[in-house]
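In what follows, a structure is listed as structure tokens, so that the remarks can point back to it.
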Amino acid sequence: QKEVEQDPGPLSVPEGAIVSLNCTYSNSAFQYFMWYRQYSRKGPELLMYTYSSGNKEDGRFTAQVDKSSKYISLFIRDSQPSDSATYLCAMSAGGNNRLAFGKGNQVVVIP
Amino acid sequence: EPEVTQTPSHQVTQMGQEVILRCVPISNHLYFYWYRQILGQKVEFLVSFYNNEISEKSEIFDDQFSVERPDGSNFTLKIRSTKLEDSAMYFCASTQDYSNQPQHFGDGTRLSIL
Chain A
70 QKEVEQDPGP
80 LSVPEGAIVS
90 LNCTYSNSAF
100 QYFMWYRQYS
110 RKGPELLMYT
120 YSSGNKEDGR
130 FTAQVDKSSK
140 YISLFIRDSQ
150 PSDSATYLCA
160 MSAGGNNRLA
170 FGKGNQVVVI
180 P
Chain B
6 EPEVTQTPSH
16 QVTQMGQEVI
26 LRCVPISNHL
36 YFYWYRQILG
46 QKVEFLVSFY
56 NNEISEKSEI
66 FDDQFSVERP
76 DGSNFTLKIR
86 STKLEDSAMY
96 FCASTQDYSN
106 QPQHFGDGTR
116 LSIL
């Protein structure tokens with residue numbers, strides 16, 4: 070079983086729709102969970118950072134972590150064309166430990 | 006906002022040559038990392054570095070790789086004898102010296118081995 074799984078299938082949504090992304094993982098030692106946004110030819114840009122289980126909201130973005138199911142989600146409300154990017158989930162066992170990444174989801178928001 | 010900077014943005018090198026990728030981490034950060042992303046694949050961890058020594062490395066980080074902090078601002082990744090399969094984006098990241106801070110990434114160096 071892969072350490073972090075993220076369905077890489079491209080996702081096209083109309084502007085204003087809710088985007089829902091998720092990752093599953095197998096390593097129960099993971100405690101820190103991140104979502105990064107990556108534009109073409111750029112590095113990963115931190116979007117959301119959560120510790121352990123629960124929800125975190127920041128503007129139009131909500132991150133959810135369910136450690137019992139080893140499942141994390143990112144929701145983008147009122148999606149905008151500028152949200153078009155690749156979204157990477159990442160996680161680590163400790164704050165300074167290596168990050169394990171998912172493969173990334175390419176999201177296209179159509180005006 | 007402070008950022009991680011990487012140079013060059015694109016490096017083209019002949020197979021078998023040595024290459025050095027450079028990074029300037031965020032100034033008050035003390036943990037440094039290198040990751041790579043082969044085209045179409047996941048971002049993969051290579052090595053982490055703290056207090057002038059390697060703190061963790063992956064199986065990818067073999068004897069052809071080395072890292073160094075030659076001065077107070079730069080952090081480098083050296084690949085001694087490049088292979089075709091070293092072609093990838095290489096990302097540097099840094100974080101502050103306590104456990105609840107996330108890693109911040111540079112925009113990467115695209116390494117092309119011919």
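Heads up: the protein sequence lines correspond to chains A and B, in order.
Offset between the first sequence (1-based) and our numbering: plus 69.
Offset between the second sequence (1-based) and our numbering: plus 5.
Heads up, the beta-carbon is just placed ideally off N, CA and C, and yes, glycines get one too.
Return the bridge partner residues of residue i from the DSSP annotation.
i       : result
E114(A) : R106(A)
P83(A)  : I179(A)
R41(B)  : E49(B) and Y95(B)
S142(A) : N91(A) and Q133(A)
H109(B) : S99(B)
S71(B)  : K83(B)
G123(A) : V134(A)
E23(B)  : In DSSP, E23(B) forms no bridge with anything.
L116(B) : Q16(B) and A93(B)
Which of the three DSSP states, helix, strand or coil, is assigned to residue i?
i       : result
L157(A) : strand
D152(A) : helix
D91(B)  : helix
I65(B)  : coil
V9(B)   : coil
G128(A) : coil
N79(B)  : coil
N165(A) : coil
N174(A) : strand
Q16(B)  : strand
I59(B)  : strand
F54(B)  : strand
E74(A)  : strand
So which of the options has the shortest CA-CA distance to residue i?
i       : options                               : result
Y40(B)  : G113(B), S117(B) and I118(B)          : G113(B)
W104(A) : T155(A), G85(A) and V178(A)           : T155(A)
Q16(B)  : T87(B), Q46(B) and V48(B)             : T87(B)
D76(B)  : C28(B), Q108(B), S14(B) and P7(B)     : C28(B)
Q108(B) : A93(B), N33(B), E64(B) and S117(B)    : N33(B)
Q175(A) : E6(B), S14(B), L35(B) and Q46(B)      : Q46(B)
R106(A) : A162(A), S161(A), S151(A) and G163(A) : S151(A)
S122(A) : K139(A), K111(A) and S148(A)          : K139(A)
S136(A) : Y94(A), E84(A), K111(A) and G112(A)   : According to the sequence provided, residue 136(A) is Lys. The question's Ser does not apply to it. Out of Y94(A), E84(A), K111(A) and G112(A), Y94(A) has the C-alpha closest to the C-alpha of K136(A).
V134(A) : Y101(A), A162(A) and D127(A)          : Y101(A)
V48(B)  : S117(B), N105(B), D102(B) and A93(B)  : A93(B)
Keeping to the same chain, check which residues put their C-beta closer than 6 Å to that of residue i; ignore five residues upstream and five downstream.
i       : result
K83(B)  : I25 and S71
L119(B) : Q19
L143(A) : L90, W104 and A132
R146(A) : I87 and R129
P30(B)  : V9, F37, F80 and S99
N96(A)  : E72
R85(B)  : E23 and Q69
Skipping 5 residues on each side, what residues in its chain have a beta carbon closer than 8 Å to that of residue i?
i      : result
N57(B) : R74
G14(B) : As written in the sequence, residue 14(B) is Ser, which differs from the Gly given in the question. Counting only Cβ-Cβ distances below 8 Å, and skipping sequence neighbours, we find D112, G113, T114 and R115.
Once the 5 residues before and after residue i are set aside, which same chain residues still bring their CB inside 7 Å of it?
i      : result
C92(A) : V73, E74, Q75, I141, C158 and G171
Across the stretch 74–93 of chain A and the stretch 113–128 of chain A, are there enough close Cβ pairs to call them in contact, namely three or more that are closer than 8 Å?
no
Looking at C-beta atoms only, is the number of pairs between the stretch 167–175 of chain A and the stretch 49–67 of chain B that lie closer than 8 Å three or more?
yes
Just by C-beta distance, which residues in the stretch 53–81 of chain B are closer than 8 Å to chain D?
Of the protein chains in the structure, A and B, none is chain D.
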